[in-house]
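Asks:
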Amino acid sequence: MALCLKKTGMAEKVIGVGNNAESIAKALELGIIDETMPLEEAVKAADIIYIAIPVDVTIDVVLQVLNLVNDKQIVIDAGSTKSALCQVVKDHPMRKQFVATHPMWGTEFSGPAAATSLAFAGRACVICDKELSATDALSIVEKLYKDLGMHVIYMNAENHDIHAAYVSHISHITSFALANTVLEKEKEEDAIFEMAGGGFESTVRLAKSNAAMWAPIFMQNKENVLDVLNEHISQLRKFKASIEKENINYLVELMENANKIRRILK
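Each residue of the sequence shown is one higher than the one before, counting from 854 in the working numbering.
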């Protein structure tokens, strides 16, 4: 986000705040941020405060920031879960200066060196509970994301978390599980990775994602993740049963039904 805002000229200066001195130093070295300072000082110096940290610490930080801002500043978060956060801040006196967002973009890489100015374009950004944000704050955030090439969609926080479980969170769990499956098999067959092709690489790519970021997401969206995980396990059992019983007709039916996803993913 810092790189994109600087590239498009939307940000004159970016102040970086973080608890990892190595990451802050790297961000300064790479020109992602222009300077660093403690949180309270940074908030006072900023027009827009953008919070992009693991979701298990986002709530506390958003509350700290809302306690510091005035009615001219805007607070944005970028977390993958929204319900718990929005519930906690809904009665805060500065809630109107907060816009809850989830830009649907990311890679399996993390840290300042993984930052790219090519992010966001052509992707969706979800804004949650927009009616609780001040009109001018919402307009500025909408323009910010649209200027980065994103299309904005609106949901309440609860619906966001349900849909995120289906389109994002389960994909990561599946990738982690597949990677563990193959790593277990690899103990017996060293050659398995030599055979790995594009299909395997694309399916397991997300398994390289940062566990410190994703474990809190799964736990904070526990009920929705478990719901979709149960359905996913049920689907896997159908494939297992059709193969065990050599029921090729049912196997084909399962795959042809899955092909309907083409209507969504062109």
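Don't be surprised by glycine CBs; every beta carbon is placed ideally from N, CA and C. Model, not experiment: these values are computed from the prediction.
In this structure, how does DSSP classify threonine 954 when only helix, strand and coil are distinguished?
Replies: Residue numbering aside, residue 954 sits at position 101 when the sequence shown is read from its first letter. The answer is strand: DSSP assigns threonine 954 an E or B state.
Asks: Kindly give me the distance between the Cβ atoms of alanine 931 and threonine 954, rounded to whole angstroms, as I take these residues to be in contact under 8 Å.
Replies: Within the sequence shown, the letter at position 78 stands for residue 931. Within the sequence shown, the letter at position 101 stands for residue 954. Right, the Cβ-Cβ distance comes to about 6 Å (below 8 Å), so this counts as a contact.
Asks: Which same chain residues, not among the five before or five after leucine 1001, have their C-beta less than 6 Å away from its C-beta?
Replies: Counted from its first residue, the sequence shown places residue 1001 at position 148. Excluding positions up to five away in sequence, the list reads Cys857, Phe973.
Asks: Would you call phenylalanine 962 buried or exposed, if buried means 16 or more other Cβ atoms sit within 10 Å of its Cβ?
Replies: Your numbering for residue 962 matches position 109 in the sequence shown. Per the 10 Å Cβ criterion, exposed.
Asks: With alanine 895 and valine 870 assumed to form a contact (beta carbons below 8 Å), what rounded beta-carbon distance in angstroms separates them?
Replies: Here residue 895 refers to the residue found at position 42 of the sequence shown. Here residue 870 refers to the residue found at position 17 of the sequence shown. About 5 Å separates the two Cβ atoms, so the contact holds.
Asks: DSSP three-state call for aspartate 989: helix, strand or coil?
Replies: Looking up residue 989 in the sequence shown gives position 136. Residue state, collapsed to three classes: helix.
Asks: Name the DSSP bridge partner or partners of valine 928?
Replies: Within the sequence shown, numbered from 1, the residue matching residue 928 stands at position 75. Answer by DSSP bridge pairing, in chain order: Ile902, Phe951.
Asks: Short of 6 Å in beta carbon distance, which residues of its chain neighbour proline 864, apart from the five on each side in sequence? Order them along the chain.
Replies: Residue numbering aside, residue 864 sits at position 11 when the sequence shown is read from its first letter. As written in the sequence, residue 864 is alanine, which differs from the proline given in the question. Counting only Cβ-Cβ distances below 6 Å, and skipping sequence neighbours, we find Leu858.
Asks: Among Ser1062, Thr969, Cys981, which residue has its Cα nearest to the Cα of valine 1005?
Replies: Here residue 1005 refers to the residue found at position 152 of the sequence shown. Measuring from the Cα of valine 1005, the nearest candidate turns out to be Cys981.
Asks: So, with DSSP's three-state summary, where would you put alanine 1064?
Replies: Here residue 1064 corresponds to residue number 211 of the sequence shown, with the count starting at 1. Note: alanine 1064 maps to helix in three-state DSSP.
Asks: Among residues of its own chain, excluding the 5 on either side of alanine 1060, which ones have a beta-carbon nearer than 6 Å to its beta-carbon?
Replies: The residue labelled residue 1060 in the question sits at position 207 within the sequence shown. Within the same chain, alanine 1060 has close Cβ partners Ser1028, Phe1029, Ala1032.
Asks: For isoleucine 1006, which beta-bridge partners are listed by DSSP?
Replies: Mapped onto the sequence shown, residue 1006 falls at position 153. Answer is Val979.
Asks: Leucine 938 and threonine 960 - do their beta-carbons sit closer together than 8 Å?
Replies: Within the sequence shown, numbered from 1, the residue matching residue 960 stands at position 107. Within the sequence shown, numbered from 1, the residue matching residue 938 stands at position 85. For threonine 960 and leucine 938, no; Cβs fall outside 8 Å.
Asks: For serine 1021, which option in Ser933, Ile1114, Lys999, Ala1064 has the closest C-alpha, if you only look at C-alpha atoms?
Replies: For the purposes of this step, residue 1021 is identified with residue 168 of the sequence shown, where counting begins at 1. Measuring from the Cα of serine 1021, the nearest candidate turns out to be Ser933.
Asks: Over what stretch of residues does the alpha helix (DSSP H) that includes lysine 1093 continue unbroken?
Replies: Position 240 of the sequence shown, counting from 1, holds the residue named residue 1093. Its alpha helix (DSSP H) spans residues 1075 to 1097.
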